[in-house]
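K.L.:
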Amino acid sequence: MILLSELFDIQSVSGDESSMTKFLINLILQRKDTWKVVPTVYVGEEFHDCILLKFGNPRTAVFAHIDTIGFMARYENQLIAVGGPELEDGVELVGEDSLGPVFCKLKIVEENLFHDFPRAIGRGTCLSFAQNLRIDETFIQGAYLDNRLGIYNALQLCEDLEDGWVVFSTYEEHGGGSMPFLLKFIMENAPVKQALISDITWVTDGVEHGKGVAISIRDRYIPRRAFINKVIDLANKSGVAYQLEVEDVGGSDGREVQFSNYALDWCFIGAPEDHVHSPNEKVALYDLECMIGMYKYLMAHL
C-alpha cells in the first residue's frame, strides 16, 4: 500500500510522463537484484519515456501504460482535455508551471472548459485531478486507478517472473503512439508471440465488483479467439476468480498490437472499476488481488 500511495502521487498526463518514468526507474534499480530473475533494463532517449524489462527467454510480453487523462492549459484561463476525462464543474485540479504550483477548479461554461486560478497558467501546462486516495478493507478509490493499478500489477509480476517482457508504455490515453517502436524493438531483440494488456476495465451490467479479474473477449476490437480460448482454459486451471467481459466500446494498447505489422496475439486482463476517468475511480481489492494472481499464473504457463 505504501508503493500504491507513491504511485498515485505522481503526475503523468499523456505526453508528460517523465516524472513517472524517473520514479519507476529508481524503483526498478533498487529492487531488481532481489527479484527471482534480474532483468535487462532498456530505457533512455531511444525509448522516450518508456521502459522495457526483459526477463530470461520471453514468450509473452505484458504492457502497462504509465500515462493518465487530464487537462492542458491553453490561453488565458482556457483548458483542453487530454484523453477523455469525466467533466464535472468544480472538480479540483493540480499542476505546476514555471511560476510555481497550481491549485484550481474546473469550470464548464457552455461546454467550454476553464479554470479559476487567479492568474494565467503557463501555456501547455498539464493539470491532473487532485488526488484523494481512500483505501479500506474492501475497496480502493481515488483518481487514476487507471492505470496506476496496471503499473502496480506489472511491478508485482516482476518479483518472480522467469521469462517474459514487462513494458511500461506511454500516450495510451490520448491516441497511443509508443507501441509501434516498442513492438519493433521487442521483435528484433527477443521476439514473442503473445501479449497481455495490464490495464483497468469498467464495471458494467455483466462485470461486477468482487467477482474477480476481468478477461476481455472483446472491446471495440476483437482479438483472435483461439488465443482467448487458450487464456480462458489456463484461467480455469489457475484457481483464480475471473469474469468474462464482452463489450463493443473501449480500447487499449491491445489495439496497437492488433494493428501492428506483427502476428501477435493479445488479451486485455484487468480489474473492473466504477466511476471511470473521474477523481473517484473505485476498484475492489479482491479483484486487484485476482489480477495479480492471474498474471503470475498466466506468465508461467503461456
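Numbering (the working numbering), first residue to last: -12 to 289.
Idealized CB from N, CA, C, for every residue including glycine.
Remember, predicted model here, so these are calculated numbers, not experimental data.
1. Could you check where the beta strand (DSSP E) with Cys113 kicks off and where it finishes?
2. DSSP three-state label for Lys198, please.
3. Per DSSP, which one or two residues make a beta bridge with Trp22?
4. Measuring only the C-alpha atoms, how far is Ser239 from Asp186?
5. Does DSSP put Tyr62 in a helix, in a strand, or in coil?
6. Can you have a look at Glu4 and say buried or exposed, based on whether 16 or more other CB atoms are within 10 angstroms of its CB?
7. Between which two residues does the alpha helix (DSSP H) carrying Ser309 extend?
8. Can you tell me the Cα-Cα spacing of Leu14 and Lys217, whole angstroms?
9. Could you give the distance in angstroms between the alpha-carbon of Glu98 and the alpha-carbon of Gly57?
10. Are Cys254 and Ile279 touching if we call contact CB-CB under 7 Å?
11. Assign Gln143 to buried or exposed, taking buried as 16 or more other Cβ atoms, counted over all protein chains shown, within 10 Å of its Cβ.
12. If you draw a straight line from the C-alpha of Glu124 to the C-alpha of Glu276, how long is it?
13. With distances taken Cα to Cα, identify the nearest neighbour of Asp36 among Gly164, Asp220, Gly197.
14. For Gly87, which residues in the same chain have their Cβ closer than 6 Å to its Cβ, ignoring the five residues on either side in sequence?
P.N.:
The relevant details are as follows:
1. For Cys113, the enclosing beta strand (DSSP E) starts and ends at 113 to 116.
2. Coil.
3. Its beta-bridge partners do not exist; DSSP assigns none.
4. Approximately 8 Å between the Cα atoms of the pair.
5. Tyr62: coil per DSSP, three-state reduction.
6. It is buried - the Cβ of Glu4 has at least 16 other Cβ atoms within 10 Å.
7. In the structure displayed, the chain extends from -12 to 289; residue 309 sits before or after that span and is not available.
8. In this structure, the CA atom of Leu14 is about 33 Å from the CA atom of Lys217.
9. One C-alpha to the other measures close to 16 Å.
10. No, they are not a contact pair.
11. So Gln143 counts as buried.
12. Cα to Cα, the separation comes out at about 13 Å.
13. Comparing Cα-Cα distances from Asp36 to each of Gly164, Asp220, Gly197, the minimum goes to Gly164.
14. So the list is empty, once near-sequence residues are dropped.
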